[in-house]
Amino acid sequence: MRRRFFMTAVITGAFLLLIALSAGTAAPVTIQYGYWGDQNEEISTTALLKTFMDKNPNIKVEGLRFGSNSEFNDKITTLAASGNLPDVSTFYEPNVLTWGMNGQFVDLTDFYKKAAPKLDTIKFVTPDGKIVGISVANEIMVIWYSKTIFDAAKLPYPPAEASKAWTWNQFVDVAKKLTKDANGKTPNDAGFDKDNIKTFGYWGQQWWMPWLTFAVSNGGGMVSQDGKKLMMADPATIDAIQKMADVINVHHVSPVPGSQQMPGAIGTALLSGQVAMALDGTWDLLTLGTTKEQQGLDFGVGVLPYMKKLATTSVGTPEVVYKSTKHLNESLALLGFLMDPASSLPLLQNGIWLPNEKQWYTNKDLLQKWIGNPRHPPEYKTAVVDFALNYSNRLPLYYVPSFAKMDDVIEAALGQVWLGQKSAADVIKNEIMPKITPIFQGK
Numbered sequence: 002m003r004r005r006f007f008m009t010a011v012i013t014g015a016f017l018l019l020i021a022l023s024a025g026t027a028a029p030v031t032i033q034y035g036y037w038g039d040q041n042e043e044i045s046t047t048a049l050l051k052t053f054m055d056k057n058p059n060i061k062v063e064g065l066r067f068g069s070n071s072e073f074n075d076k077i078t079t080l081a082a083s084g085n086l087p088d089v090s091t092f093y094e095p096n097v098l099t100w101g102m103n104g105q106f107v108d109l110t111d112f113y114k115k116a117a118p119k120l121d122t123i124k125f126v127t128p129d130g131k132i133v134g135i136s137v138a139n140e141i142m143v144i145w146y147s148k149t150i151f152d153a154a155k156l157p158y159p160p161a162e163a164s165k166a167w168t169w170n171q172f173v174d175v176a177k178k179l180t181k182d183a184n185g186k187t188p189n190d191a192g193f194d195k196d197n198i199k200t201f202g203y204w205g206q207q208w209w210m211p212w213l214t215f216a217v218s219n220g221g222g223m224v225s226q227d228g229k230k231l232m233m234a235d236p237a238t239i240d241a242i243q244k245m246a247d248v249i250n251v252h253h254v255s256p257v258p259g260s261q262q263m264p265g266a267i268g269t270a271l272l273s274g275q276v277a278m279a280l281d282g283t284w285d286l287l288t289l290g291t292t293k294e295q296q297g298l299d300f301g302v303g304v305l306p307y308m309k310k311l312a313t314t315s316v317g318t319p320e321v322v323y324k325s326t327k328h329l330n331e332s333l334a335l336l337g338f339l340m341d342p343a344s345s346l347p348l349l350q351n352g353i354w355l356p357n358e359k360q361w362y363t364n365k366d367l368l369q370k371w372i373g374n375p376r377h378p379p380e381y382k383t384a385v386v387d388f389a390l391n392y393s394n395r396l397p398l399y400y401v402p403s404f405a406k407m408d409d410v411i412e413a414a415l416g417q418v419w420l421g422q423k424s425a426a427d428v429i430k431n432e433i434m435p436k437i438t439p440i441f442q443g444k
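This is the structure:
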């Protein structure tokens, strides 16, 4: 009964708001939008909010910028305790469900039923089925590579079509051929100097998205898709993580984390020849495109290699509405504007984002609006758009409330595996599982 009354009030309020706006007599309402980013992002966000206010003159939006997501995480709890939360904000992905289940966010399930369908892989859904947030954009893992290095080695480029994707072993074999020490020797050659490598065949970063992606590809993961079973100790998960560590410590085709050989930026690393391939997110197109325009980087993009099945994972920063807002209808109006891919078209066009709606992947006219420009490589349609649409998997942060606490334990312990100090089986079975099992069980 309360829910029905609440939704009736929201609909009635929205109707009255539309009447007032059309009449032009409503007093301006001020709401606050929180986000994090650098000064460049402040400029783009300010422009975005201005566009919204131009279209909705009776709503004034004040931007509240945080320097980084870590600053946001530190200060948002203080704002909640003091009763000074913004009305709408971006939110740190791993903490969304915890806050949602604690009653901090508006249930957006009905709101999104009336909106254009969003991608299922980027919906934050509580165990009782409530949508408390959806990513404002989609991002997946892919292969970025230097065409210059592949051409010099006379090797074919990484496949841009899922049907031609490399197996993990094929990927490692290619990475070995591309890895060169100071004397030009590869890991396949006698006398190869693993401590004096000039070009690494592959660069991958060690955080939850990459290892979860390949754990899923191998038939494992952190938590089952129904959220009921821990899968960290599954043989498939252990095997996937060990294979990812072996490219560093056994095959020597990827730099040791934390070493001086570790690249600082993907554009510079590919341009300088420090690495031939990078397995990272689609957001890198912003940097790579700029490096191409300014310094002539010749790069391409391919689909991920697979262990047992083709797979990538989706992630993206969500927008949430706080239950403490005193202006729900205006906040929902802002949310609807922010969540519309048409509102963020410049960010889609410069390559940092992918759309959060399926129609922007399948409708030819909408597709050309964001990939029909020189920044997106010719193979982008099959390597990214089709791969994202057909092979994306949900990450557990979208459906497991305890994800953040478990991942704190997991990442700290896996550091030993990436450095070759201990095996994945040893660390997962003896250090990770005893700690995350009670967290997962809610104890």
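Taking my numbering, the leading residue of the sequence shown gets 2, the next gets one more, and so forth.
C-beta: ideal position from N, C-alpha, C; glycine also.
None of the values given here were measured: they were computed from a predicted structure.
Endpoints, the beta strand (DSSP E) within which residue i is located
i    : result
T91  : V89 to T91
V143 : E140 to S147
P319 : P319 to V322
T214 : Taken as a continuous stretch (DSSP letters only), T214 belongs to no beta strand (DSSP E), being part of the alpha helix (DSSP H) at W209 to S218.
G35  : V30 to W37
G64  : I60 to F67
K199 : I198 to T200
G268 : Element bounds for G268: not the beta strand (DSSP E) but the alpha helix (DSSP H), I267 to S273.
F125 : K124 to V126
T283 : That residue, T283, is in no beta strand (DSSP E); it is neither H nor E in DSSP.
T314 : T313 to V316
Distance between residue j and residue i (C-alpha atoms, nearest Å)
i    : j    : result
G290 : V217 : 30 Å
P264 : T200 : 11 Å
Y399 : W361 : 22 Å
V133 : M102 : 9 Å
P58  : A28  : 10 Å
G317 : V385 : 15 Å
D38  : W145 : Residue 38 is actually Gly in this sequence, not Asp. So the alpha carbons of these two residues sit roughly 24 Å apart.
K230 : L396 : 14 Å
L22  : K51  : Here L22 scores only 46 on pLDDT, less than 50, and its place in the model should not be relied on; the value that follows carries that caveat. C-alpha separation (whole angstroms): 17 Å.
F441 : S403 : 6 Å
Y158 : N189 : 20 Å
M232 : A413 : 18 Å
S345 : L49  : 8 Å
G104 : D227 : 22 Å
E72  : T78  : 11 Å
E43  : A426 : 45 Å
A161 : K382 : 9 Å
A24  : I60  : For A24, the predicted structure reports a pLDDT of 44, less than 50, and the residue's modelled location is therefore unreliable. The matter cannot be settled from this model.
Beta-carbon proximity of residue i to residue j, cut-off 9 Å
i    : j    : result
Y36  : E63  : no
N184 : D174 : no
H377 : V30  : no
N391 : A234 : no
G222 : M308 : no
G274 : Q296 : no
K177 : T187 : yes
D299 : K148 : yes
E320 : V126 : no
S315 : T47  : no
N139 : W354 : yes
L179 : V254 : yes
V322 : V137 : no
Opening and closing residue of the alpha helix (DSSP H) in which residue i lies
i    : result
P347 : L346 to Q350
M54  : Q40 to K56
G101 : V97 to M102
A334 : L329 to L339
A176 : W169 to L179
S71  : N70 to A82
F388 : F388 to Y392
N250 : P236 to N250
L367 : K365 to I372
Simplified DSSP assignment, three categories, for residue i
i    : result
S136 : strand
G25  : Residue confidence is low: G25 scores 48 on pLDDT, short of 50, so the model does not pin down where it sits. No coordinate-derived value is stated.
F441 : helix
L19  : Its pLDDT being 46, under 50, L19 is placed unreliably by the model, and nothing is read from it.
S325 : coil
E432 : helix
V107 : coil
E358 : strand
M278 : strand
S164 : helix
G301 : strand
V410 : helix
Y224 : In the sequence as displayed, the identity of residue 224 is Val instead of Tyr. Three-state DSSP puts V224 in a strand.
Closer than 9 Å to chain B by CB, residue i
i    : result
V321 : No chain B appears in the structure shown, which is made up of a single protein chain.
Residue i CB to nearest heavy atom of the ligand ATP below 8 Å
i    : result
A389 : Ligands are entirely absent from the displayed structure, and the ligand ATP is therefore not among its contents.
Does the segment 199–208 come close enough to the segment 274–281 that 3 or more CB-CB pairs lie under 8 Å?
yes
Taking three-plus beta-carbon pairs below 8 Å as touching, is the segment 416–428 in contact with the segment 335–342?
no
With contact counted as at least three CB pairs below 8 Å, one residue from each stretch, are the segment 349–363 and the segment 82–100 in contact?
Verdict: no, contact absent.
Do three or more CB pairs link the segment 290–305 to the segment 139–154 at distances below 8 Å?
yes
Just checking, does the segment 401–408 make contact with the segment 422–442 on the three C-beta pairs under 8 Å criterion?
yes
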